[in-house]
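Participant:
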Amino acid sequence: MTRTADLMDYAEVVERYDPVLGLEVHVELSTNTKMFCGCENRFGGEPNTHVCPTCLGLPGALPVVNGKAVESAIRIGLALNCEIASWCRFARKNYFYPDMPKNFQTSQYDEPIAFNGFLDLTLDDGEVVRVEIERAHMEEDTGKSLHVGGATGRIHGAEHSLLDYNRAGVPLIEIVTKPITGTGARAPEVARAYVTALRDLLRALDVSDVRMDQGSLRCDANVSLMPKGTTEFGTRTETKNVNSLRSVERAVRYEMTRQAALLADGRSITQETRHFQEADGTTSPGRTKETAEDYRYFPEPDLVPIAPSREWVDELRGTMPEMPWERRKRIQAEWQLSDAELRDLVNAGAVEVIAATVDAGAPSAEARGWWVSYLTQQANKQGVELAELPITPAQVARVIALVAEGSLTNKLAREVVDGVLAGEGEPDEVVEKRGLKVVSDDSALYAAVDEALAAQPDVAEKIRGGKVQAAGAIVGAVMKATKGQADAKRVRELVLERVGS
Amino acid sequence: MTELIKLTAAELAEKIHSREVSAEEVTRAHLDRIAQVDDFVHAFLHVNADGAVEAARAVDARLAAGDAPVSPLAGVPLALKDVMTTVDMPTTCGSRTLEGWRPPYDATVTRRLREAGVPILGKTNMDEFAMGSSTENSAFGPSHNPWDHARIPGGSGGGSSASVAAFEAPLAIGTDTGGSIRQPGAVTGTVGVKPTYGGVSRYGLVAFSSSLDQAGPCTRTVLDAALLHEVIAGHDPMDSTSIDAPVPPVVAAARQGLTGDLTGVKVGVVKEFGGDGYQPGVLRSFEAAVEQLRALGAEVVEVSCPHFTYALPAYYLIAPSECSSNLARFDAMRYGLRVGDDGGHSAEEVMSLTREAGFGAEVKRRIMLGTYALSSGYYDAYYGSAQKVRTLITRDFEAAFERVDVLVSPTTPTTAFKIGERVDDPMAMYLADLCTIPSNLAGNAAMSVPSGLSDEDGLPVGLQIMAPALADDRLYRVGAAYEAARDAAAGGSLVHKVPELEVTK
Amino acid sequence: MPNISRDEVAHLAKLARLAVTDEELDVFAGQLDQILDAVAKVGEVAGQDIPPTSHAVPLTNVFRADEVRPSLSQQQALSGAPAAEEGRFRVPRILGEE
Ligand SMILES: [Mg+2]
Ligand SMILES: [Zn+2]
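Sequences listed follow chains A, B and C, in order. Everything in the first sequence is counted per this note's numbering, starting at 1 for the first residue and increasing by one. Everything in the second sequence is counted per this note's numbering, starting at 1 for the first residue and increasing by one. Everything in the third sequence is counted per this note's numbering, starting at 1 for the first residue and increasing by one.
Structure (C-alpha cells):
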C-alpha cells in the first residue's frame with residue numbers, strides 16, 4: 001500500500017526549504033562484559049550462550065552496573081565537550097517487545113550522565129560546522145530475532161520467530177544531537193561528516209569497535225523541513241537501519257526530496273519511523289506513532305544513583321587520547337603533506353587507518369601506499385568505507401613487515417591481504433594456509449633455474465654471450481614454474497651466476 | 001506429634017550439634033508433621049523430602065567426622081517462601097504463570113541457607129507474586145491459620161507463618177514489601193522480622209516492588225529469628241542495593257534482651273496508630289504490651305509521626321507502579337505459561353492472552369493501577385507525589401528516632417479475619433498493612449512479636465517494634481525481653497497454645 | 001481527581017498486555033476508581049519543596065569490575081522455554097515494525 005512518493009529535485013528542495021536534522025547514534029561499547037551482568041560482550045557466538053539470569057530477564061535476577069562502561073560513558077562525554085552529571089540515575093523505559101527480556105529497557109531518561117556538548121566537523125572543502133550535543137546516556141542493547149517462514153525472512157509473512165539474547169544487555173551509549181539547522185544544501189554531507197567524526201573520535205577513545213556494518217555503531221536520522229523564511233520546525237521522520245556512512249548521506253537526502261514533494265503538494269508529513277533501503281536508497285514507513293509512545297519511565301529501583309566525583313572525572317580527563325583533529329595536524333607535519341593531500345586522505349577516510357598502521361610499526365609511505373591504492377580499490381569494490389574493511393591496521397602493518405623482510409613479494413602480499421579480507425585469519429595464517437611464502441630456499445631455485453636453462457639452451461647461450469637482458473626469459477620461466485612464489489630479483493641473480501656471466 | 005517439632009530452632013541446633021539427635025531425625029520429624037497436617041493447613045506448595053533429608057545427612061556426616069557445625073543453624077530445617085529461586089524445586093510465586101517453573105539458579109538467600117547447612121523442607125504458599133494480605137490470592141488455594149482453620153494466616157507470606165505456627169517447620173523465610181512477614185506473624189502468633197532494606201540480598205527474590213521488598217525470618221521465638229537473620233544477611237555484590245556493612249549483632253542483642261532488662265531504652269508509641277478502625281481487643285493487648293515494656297525498665301513516651309497516615313496511599317501507588325514494570329517480563333516468550341500459540345495468534349496476542357490467563361484478579365488490578373500511575377499525564381500527581389510522601393515518612397522516622405530508640409504500634413489493626421471476608425473489597429484488604437507499611441517506605445527495620453491473644457476472639461495479636469536503618473539489633477533486644485516477660489506472665493509459651501490440628505492418617 | 005472510565009481501563013489493559021474480558025472491565029473500572037480516589041490523598045502533602053525518594057538506601061556508585069563471569073549453558077537458558085528451536089527461543093510471529 002505504500003505509494004512511492006514523488007521526489008522533488010534536490011536543487012529545488014534547498015531553494016524552497018530549510019532542513020533540520022537530529023541525529024541519534026547508538027554505540028556498542030567494547031567492554032569485556034555486558035552493561036549489567038558478567039556475561040561476555042562478544043559479537044556472534046552460538047545463540048543463547050552469553051546469557052545469564054540477569055540478561056535473560058529471569059524472575060529474581062538483578063542488574064549491577066559495569067564500572068568500565070560508566071568510565072567509557074564519561075570519557076565519551078568529555079570528548080564531546082559535555083558537562084558530566086554530578087548525580088544521575090538509570091530509569092526504566094517500559095514497553096513490550098519480545099527481543100527485550102524484561103519488557104523494559106534500562107536506560108537513562110531525564111538525568112543523562114553527559115549533556116550540553118558539541119562536536120566540530122570539517123567538511124570536504126575545509127568548512128567547519130559545529131554540531132551541538134544534547135546528551136549522551138547509558139543504556140542496554142536488545143536481543144536479536146530471526147524471522148522464519150514467509151518468502152523474505154522478514155517480519156511480514158513470517159510464521160514464527162526465533163530469539164537469541166547474546167546481544168541483550170550489551171552496553172550502549174546513545175548520543176543525541178540538538179536540532180542541526182542552517183546547513184541548507186549541505187545537510188546530507190553534514191550528517192555524514194558528523195557520524196564520521198563521531199566514529200573517529202570513538203575509535204581514538206578505544207571504547208567501541210565502531211563497525212556500522214556489524215551494528216556496533218548505529219545511526220537514526222531525524223529529518224524535517226521548514227519553508228524558507230520560517231522558523232517553526234516541521235513534522236519530522238526518523239529513519240532507522242542506516243548502516244554505513246554513505247547511507248547516512250543518502251537517507252537524509254532522500255527524505256529531504258520526499259518530504260519536499262509532499263509539502264509542495266499541500267500534503268502533510270506523517271511523524272513516523274522509516275526504514276532505509278540500501279538497495280535503492282529509499283526510505284519506507286515503519287510503525288506510525290499516532291500518539292507519542294507512553295514509555296512510563298521511572299527511576300530504576302534496582303540500581304542506585306551514579307555520582308561521579310570531581311576527582312574521578314578529572315582523572316578520566318587525564319586519559320583523553322590525542323583527538324582525531326589534533327592527530328591530523330601532527331600527521332600533516334610529520335608526513336609533510338600539503339593541505340590538499342591531507343584533505344584527500346581525510347576524505348578517503350584513510351588518515352586514521354594509516355596512522356594506526358604507522359603506529360603498528362609500518363613506515364608511513366608504505367602504509368599510505370597500501371591504504372590509498374590497493375585497499376581503497378577493495379573498499380570501492382565492496383561499497384564500504386576503508387575503515388569498514390575487515391582488515392585491521394595492525395594486519396596491514398604485518399603484511400608490510402613481511403614484504404620488508406623479503407618473505408613476501410608485492411604480488412604475494414596482495415594475495416595475503418585478499419585472504420585476510422576473506423576472513424581467513426591473520427596474515428601469517430593466510431601465508432601458511434595458502435602456501436604463499438617466497439621460495440627463498442636457493443637449492444630449490446637452483447633446480448628450477450637449471451631446468452629452465454636446460455629447456456632453453458639458446459637463451460642460455462645468449463646470456464653467456466653477454467646479452468644479459470635475455471635473462472628475463474629464464475626468470476619468467478622460473479617464476480612460472482614456482483607459481484610466482486620466488487623473489488624475481490634473486491632468481492635473476494641465480495640465473496646470471498649459473499651461466500657464469 | 002513428637003517432642004522434636006515443639007523445640008525452638010536454637011534448642012534443635014544444640015541437640016544436633018551435640019549429636020544428641022541427628023539432623024536427619026529432626027528433618028524427618030518435620031516432614032512427618034507436614035505429611036500429617038498440611039492437607040489441613042496448606043502451608044506448602046512443594047515439599048522437598050529427598051533434598052531436605054540429603055542436606056540433613058550431609059550435616060550429620062560432617063559432625064560425625066568431628067567438624068564444627070558450618071553455622072549455628074546447621075541441621076535445623078526451614079520452609080522457604082516460594083518467591084525465592086531454587087534450582088532443585090519449582091518457584092511459582094503462587095502464580096499459574098510460573099506453575100512448574102524450575103529456575104536455573106539459586107537466590108542468594110537460598111545459597112546462604114544451603115551453605116549454612118539448613119535443610120530446605122519445601123516452598124511455602126503465598127499470595128500471587130506477594131500481592132495480598134491473606135494468601136487467598138494464591139493460584140493454588142489459600143493457606144489456613146492454625147489457630148482457626150476458617151481464618152487467614154496473613155499474607156503474602158501466609159504459608160511461611162502457618163508452617164511455623166503449625167510446627168511443620170521451626171524456621172521459615174518470608175518477604176516483606178508492605179508487611180508480608182510481620183502481618184502473617186501477628187495473626188499466627190509467631191515472630192516476623194523485616195530487616196533494614198539492603199540488609200538481606202534480593203538476588204533471586206522474584207520482585208514485586210523492588211524498592212520495598214526485603215526478605216527476613218519467620219520463627220516462633222525472637223532468638224530463633226536472630227539466628228536466622230545472621231545466616232541470611234550480609235553484603236551481596238549481586239544486589240546493587242545491598243548494604244556493604246557488617247550485619248548488626250542481632251543474636252547478641254537477642255541474648256541480651258533475654259536477661260529481661262530494658263533500663264535506659266526509650267520506647268515511642270506511635271500516636272497515629274490506634275483509635276477508630278482498630279479492634280478493641282487488639283488495642284487492649286497492645287496497651288498491656290506497652291505496660292510490660294515499662295515494667296521491664298523502658299521509658300515510654302508518645303510520639304507523633306504525622307505523615308504515617310499517608311503511608312497506605314503512597315504504598316498503593318509505589319508498589320503497583322513498580323510491579324507493573326517487574327511483572328512485564330511474564331510474557332510467554334522465554335519461560336512460564338504460554339496460551340494461544342496455535343499458529344494463528346501473533347506474539348503480541350499470545351502475550352496478552354497468556355497474561356490474562358496466568359494472572360489473578362489482584363495482580364491484574366495492581367498492574368493496571370501502576371500502569372496508570374506511571375503514565376506521563378498522571379506521573380506527577382500519583383507516582384511523583386507518592387515518592388514525596390516517602391520522604392516525609394522518612395523524616396518522621398528520623399525525627400522520632402532522635403527522641404526514642406524504638407517505636408511501637410500494633411502490627412495490624414485486627415486479628416485474623418475469615419477467609420473470603422475481604423476478597424471482593426480490595427480497600428478493606430489493604431487496611432491489614434496500615435501499620436507495617438511506613439517501615440517499608442523508609443527502609444528501616446521492623447519486627448512483629450506476639451503480644452498474646454485478643455480477649456474478645458482468642459486470636460493472636462502482634463506488637464510491632466520499629467528501629468532505625470541498620471539498628472536491627474534494637475528490635476531483637478526489645479523483642480526478646482518482651483517475649484520472655486510475656487511468657488513468664490502467661491505461665492507458658494504462647495505458640496504452644498495453638499489448638500491441636502486435624503491430622504491426616 | 002478524575003474518575004477513571006471503562007475506556008481508560010481498556011486502554012490500560014492494552015498497554016499492560018492483558019486481554020481482559022468485558023466483565024472484568026466493569027469490575028476493574030469500579031475498583032480502580034475507588035482505589036485511585038483513596039490514593040489521590042498523597043497530593044495533599046506532596047509540596048513542591050519536598051524531594052522525592054526513589055531508593056530506601058543512601059548508596060551511590062555501586063559498580064562491578066568488568067570481568068567475565070560464567071554464563072548459563074544454552075540448555076539452561078532454554079530450560080524454561082515454552083518452545084525452542086536451533087538454540088533459540090521459538091515465539092509466535094512478531095508483528096510491528098521491521
Ligand atoms: Mg535509546
Ligand atoms: Zn548476562
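Heads up, the beta-carbon is just placed ideally off N, CA and C, and yes, glycines get one too.
1) Determine whether the Cβ of E98(C) lies closer than 8 Å to any Cβ atom of chain A.
2) In chain order, what residues of the segment 6–21 of chain C put their CB closer than 7 Å to some CB of chain B?
3) Based on the DSSP output, what are the partners of F298(A) in its beta bridges?
4) At a cut-off of 7 Å, would you count E28(A) as near ligand 1, judging by its Cβ distance to the nearest heavy atom?
5) Going along the chain, which residues of its own chain have a beta-carbon closer than 7 Å to the beta-carbon of S209(B), five neighbours each way excluded?
6) Report the residue from R90(C), L78(C) and P51(C) whose alpha carbon sits nearest the alpha carbon of T394(B).
7) Please return the same chain residues whose Cβ sits closer than 7 Å to the Cβ of D236(B), not counting the five positions on each side in sequence.
8) At which residues does the beta strand (DSSP E) containing K266(B) begin and terminate?
9) Restricting to Cα atoms, I'd like to know which of A360(A), V20(A) and A85(A) is closest to A114(A).
10) Any residue with its Cβ nearer than 6 Å to a heavy atom of ligand 1 should be included. What is that list in chain order?
11) Residues in the segment 66–90 of chain A with C-beta within 8 Å of chain C's C-beta atoms, listed in sequence order?
12) For P410(B), name the three-state secondary structure that DSSP assigns.
13) For E3(B), which of H496(B), E502(B) and T504(B) has the nearest alpha-carbon?
14) Does the Cβ of S71(C) lie closer than 7 Å to at least one heavy atom of ligand 2?
15) Quick one: list the residues of chain C neighbouring I173(A), beta-carbon separation under 8 Å, in chain order.
16) What does a CB cutoff of less than 8 Å around D512(A) pick up in its chain, not counting 5 residues either side in sequence?
17) Cutting at 7 Å between CB atoms, please list the residues of its own chain near A428(B), excluding the five before and the five after it.
18) Please state whether DSSP places E290(A) in a helix, a strand or coil.
19) So, does the segment 68–85 of chain B touch the segment 19–38 of chain C, judging by three or more C-beta pairs under 8 Å?
20) Under the rule that 16 or more other beta-carbon atoms within 10 Å means buried, what is Q259(A), buried or exposed?
21) Can you give me the Cβ contacts of V438(A) inside the same chain, cut-off strictly under 7 Å, excluding the 5 residues immediately before and after it?
22) Mind checking the segment 94–122 of chain A against chain C and listing, in chain order, the residues whose C-beta falls within less than 7 Å of any C-beta there?
23) Strictly below 7 Å CB to CB, what residues from chain A border D239(B)?
24) Ordered along the chain, which non-local residues of its own chain (more than five positions away) have a Cβ less than 8 Å from that of A485(B)?
25) Is V42(C) close to chain A? Criterion is C-beta to C-beta, closer than 8 Å.
26) I'd like to know if S79(C) contacts chain A, where contact means its C-beta is closer than 8 Å to some C-beta of that chain.
27) Taking only heavy atoms of ligand 3 into account, decide whether any of them is closer than 7 Å to the Cβ of K489(A).
28) Taking its Cβ as the centre, do 16 or more other Cβ atoms sit within 10 Å of G370(B), making it buried, or is it exposed?
29) Taking the alpha carbon of V339(B) as the reference point, which residue from E8(C), R69(C), A10(C) and L18(C) has its own alpha carbon closest?
30) Less than 6 Å between C-beta atoms, sequence neighbours within five positions excluded: which residues of the same chain meet that for E497(A)?
31) Taking C-beta pairs closer than 8 Å, name the residues in chain A that D66(C) reaches, listed in chain order.
32) Please name the residue, chosen from E230(B), A10(B) and E302(B), that lies closest to V267(B) on a Cα-to-Cα basis.
33) What are the partner residues of A379(A), as DSSP defines its beta bridges?
34) Using a cut-off of 9 Å between C-beta atoms, extract the partners of L303(A) located in chain B.
35) Does the segment 113–130 of chain A come close enough to the segment 158–169 of chain A to have 3 or more Cβ pairs within less than 8 Å?
36) Would you say S454(B) and Q279(B) are within 8 Å of each other, going by their C-beta atoms?
Facilitator: By the coordinates alone:
1) Residue mapping note: residue 98(C) aligns to position 98 of the third sequence, counting from 1. For E98(C), the pLDDT reaches just 42, beneath the cut-off of 50, and the residue's location in the model is therefore unreliable, although a value from the coordinates is still provided. True, the Cβ-Cβ gap to chain A drops below 8 Å.
2) Under the 7 Å Cβ criterion, the segment 6–21 of chain C contributes V9, L12, A13, L15, A16, R17, L18, A19 and V20.
3) Position 298 of the first sequence, counted from the first residue, corresponds to residue 298(A). Beta bridge pairing from DSSP links F298(A) with R92(A).
4) Stepping through the first sequence from its first residue, residue 28(A) is reached at position 28. Every heavy atom of ligand 1 is 7 Å or more from the Cβ of E28(A), so no.
5) Along the second sequence, one-based indexing puts residue 209(B) at 209. Excluding sequence positions up to five before and after S209(B), its CB lies within less than 7 Å of the CB of T177, I318, A319, E322 and C323, all in the same chain and listed in chain order.
6) The sequence position of residue 394(B) within the second sequence is 394, counting from 1. Nearest to T394(B) by C-alpha distance, out of R90(C), L78(C) and P51(C), is P51(C).
7) By 1-based counting over the second sequence, the position of residue 236(B) is 236. Same-chain partners within the cutoff: T108, S201, Y203 and S242.
8) Here residue 266(B) corresponds to residue number 266 of the second sequence, with the count starting at 1. Counting along the chain, the unbroken beta strand (DSSP E) around K266(B) starts and ends at K266 to V270.
9) By one-based count along the first sequence, residue 114(A) stands at place 114. Selected option, being the one with the closest Cα: A85(A).
10) Checking every Cβ against the heavy atoms of ligand 1 under 6 Å gives S107(A), E139(A) and E174(A).
11) Those would be N66, G67, K68, A69, V70, W87 and R89, in chain order.
12) For this step, residue 410(B) is matched to residue 410 along the second sequence. Note: P410(B) maps to strand in three-state DSSP.
13) Taking the second sequence and counting its residues from 1, the one referred to as residue 3(B) is at position 3. Comparing C-alpha distances from E3(B) to each of H496(B), E502(B) and T504(B) shows the shortest one belongs to H496(B).
14) Translated into positions along the third sequence, residue 71(C) becomes position 71. Placement of the Cβ of S71(C) at a distance of less than 7 Å from at least one heavy atom of ligand 2 is found.
15) Residue numbering aside, residue 173(A) sits at position 173 when the first sequence is read from its first letter. Ordered by position in chain C, no residue passes the 8 Å Cβ test against I173(A), which lies about 15 Å from the chain.
16) In the structure displayed, chain A extends from 1 to 501; residue 512(A) sits before or after that span and is not available.
17) Position 428 of the second sequence holds residue 428(B). Hits under 7 Å: R422.
18) Here residue 290(A) corresponds to residue number 290 of the first sequence, with the count starting at 1. In this predicted model, E290(A) has a pLDDT of only 46, less than 50, meaning its place in the structure is not dependable; the value taken from the coordinates is given anyway. Residue state, collapsed to three classes: coil.
19) The segment 68–85 of chain B and the segment 19–38 of chain C do not touch, with fewer than 3 CB-CB distances between them shorter than 8 Å.
20) Counting from one through the first sequence, the residue named residue 259(A) turns up at place 259. A residue is called buried once 16 or more other Cβ atoms fall within 10 Å of its Cβ, and Q259(A) is buried on that count.
21) To locate residue 438(A), count along the first sequence from 1; it is residue 438. Excluding residues within five positions, the ones whose Cβ falls inside 7 Å are G406, S407, L408, T409, L412, Q485, A486 and D487.
22) For the segment 94–122 of chain A, which is checked against every Cβ of chain C, the residues closer than 7 Å are F96 and P98.
23) Against the second sequence, residue 239(B) aligns to sequence position 239. By Cβ distance, chain A contributes L62.
24) Looking up residue 485(B) in the second sequence gives position 485. Cβ neighbours of A485(B) beyond the five flanking positions: G260, Q292, A295 and L296.
25) Position 42 of the third sequence, counted from the start, is the residue given in the question as residue 42(C). No, V42(C) lies away from the interface with chain A (no Cβ there is under 8 Å from its Cβ).
26) In the third sequence, the residue the question calls residue 79(C) occupies position 79. So no, S79(C) is outside the interface.
27) This structure does not include ligand 3; its bound ligands are ligand 1 and ligand 2.
28) Taking the first residue of the second sequence as 1, we reach residue 370(B) at position 370. With 16 or more Cβ atoms within 10 Å of its Cβ, G370(B) is classed as buried.
29) Here residue 339(B) refers to the residue found at position 339 when the second sequence is read from its first residue. For the residues E8(C), R69(C), A10(C) and L18(C), the minimum Cα distance to V339(B) belongs to L18(C).
30) Here residue 497(A) refers to the residue found at position 497 of the first sequence. Taken in chain order, the list of residues that qualify is empty.
31) Here residue 66(C) corresponds to residue number 66 of the third sequence, with the count starting at 1. Within 8 Å Cβ-Cβ: T31, N32, T33, N66, G67, K68 and A69.
32) Within the second sequence, residue 267(B) is the residue found at index 267, counting from 1. For V267(B), the closest of E230(B), A10(B) and E302(B) by C-alpha to C-alpha distance is E302(B).
33) Taking the first sequence and counting its residues from 1, the one referred to as residue 379(A) is at position 379. Beta-bridge pairing links A379(A) to no other residue.
34) Taking the first residue of the first sequence as position 1, residue 303(A) is located at position 303. Proximity of chain B to L303(A) at the Cβ level (cut-off 9 Å) is accounted for by S240 and T241, in chain order.
35) No: fewer than three Cβ pairs fall under 8 Å.
36) Position 454 of the second sequence, counting from 1, holds the residue named residue 454(B). Position 279 of the second sequence, counting from 1, holds the residue named residue 279(B). With contacts defined as CB atoms closer than 8 Å, S454(B) and Q279(B) qualify as a contacting pair.
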